[in-house]
Amino acid sequence: MFHEVSDASPSLLSLTPRGNSPTLSPIIGLSLCSPVHIVLLGDSTFDNSRHVDVSIHKLLAAECSTMGWECTFLAQDGANLEDVARKQLGRIPDSATHVILSVSGNDLLRLLNELSANSFAPRAVYKAVTVRLDDICQKMKQVLQSVTAIGCHAACCTVYAPQFDQVLLKMLVSTSLAVHNGRIRKMARDMGLSLIDLASICTQPSDFANALELSTR
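Sequential numbering from 7 applies to the sequence shown in this note's numbering.
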């Protein structure tokens, strides 16, 4: 069952359960069954120990330990969609009951870097918001299909907007994320995935440790 989450505070996230699962935890707010084995896939959204004092890893590990649950951290800082497909999906344990994915932000950043290298030429910008975004979307769809095929409860995240100062960068990010996140939301609905809408949740300066990384708020 799909349920979109867009509360102002990440501590209040709540995803609709499958079956008669009791509700967990303010940290990620998943509705979980017992026994529970959570797997985190993706990028620095979940592997943020280099950027904050108290990482997602530490927070979730402490929560799971208290509840007697298991958690596997496969997310890697800097990972893109190809990295998840090639290096993370195949390592998901057979005992996994819940998989949470946050990825594609680095793919979009790479695209932004390419535009910058081309001095944001109009032709390059047009290609970026048409052809290149389509390519990223197709890769995202393939990863989500692979996660869904595992058969456990799955959740994916939208991409939050970096806190850039430059007006042009803000405009390009806003346009690209509107398209990309709209597609993520649609894919989540179509595939029956739960959605953690980070794009709607992480909007304040206090939500960020730096221009690109989320804080512990």
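Quick reminder that beta carbons are idealized off the backbone N, C-alpha and C, glycines included.
Worksheet item: For the putative contact between residue 231 and residue 150, defined by C-beta atoms under 8 Å, what is the C-beta separation to the nearest angstrom?
Response: With the chain running from 7 to 223 in the structure shown, residue 231 is simply not present.
Discussion item. Across the segment 209–217 and the segment 172–187, are there enough close Cβ pairs to call them in contact, namely three or more that are closer than 8 Å?
Written reply: The count of Cβ pairs closer than 8 Å, one atom from the segment 209–217 and one from the segment 172–187, stays below three, leaving the stretches out of contact.
Discussion item. Let's test the definition: count the other Cβ atoms within 10 Å of the Cβ of residue 228 and tell me whether it reaches 16, buried, or not, exposed.
Written reply: No answer is possible for residue 228: it lies beyond the span of the chain, which begins at 7 and ends at 223.
Item to complete: Take the Cβ of residue 148 as the centre, count every other Cβ of all protein chains shown within 10 Å, and call the residue buried at 16 or more, exposed below.
Response: As a working mapping, residue 148 is identified with position 142 in the sequence shown. Flag for residue 148 reads exposed.
Worksheet item: Is residue 142 near residue 117, with beta carbons less than 9 Å apart?
Response: By one-based count along the sequence shown, residue 142 stands at place 136. By one-based count along the sequence shown, residue 117 stands at place 111. Less than 9 Å separates the beta-carbon of residue 142 from that of residue 117.
Fill in: Where residue 203 falls: helix, strand or coil (DSSP)
Locating residue 203 in the sequence shown gives position 197, where the first residue counts as 1. Here residue 203 sits in coil by DSSP.
Worksheet item: Does the Cβ-Cβ distance between residue 73 and residue 42 come in under 9 Å?
Response: Counting from one through the sequence shown, the residue named residue 73 turns up at place 67. Counting from one through the sequence shown, the residue named residue 42 turns up at place 36. In this structure, residue 73 lies near residue 42, with their beta-carbon atoms less than 9 Å apart.
Discussion item. With DSSP as the reference, identify every bridge partner of residue 48, one or two as the case may be.
Written reply: What you label residue 48 is simply residue 42 of the sequence shown in a count that begins at 1. In DSSP, residue 48 forms a bridge with 108.
Discussion item. Give me, in chain order, the residues of the same chain whose beta-carbon lies closer than 8 Å to that of residue 95; leave out the 5 immediate sequence neighbours on both sides.
Written reply: Counting from one through the sequence shown, the residue named residue 95 turns up at place 89. Excluding sequence neighbours, residue 95 sits near 47, 149, 152 and 153.
Worksheet item: Is the segment 186–205 touching the segment 156–165 in the sense that three or more CB pairs, one from each, lie closer than 8 Å?
Response: Contact between the segment 156–165 and the segment 186–205 is present, because at least three Cβ pairs lie under 8 Å.
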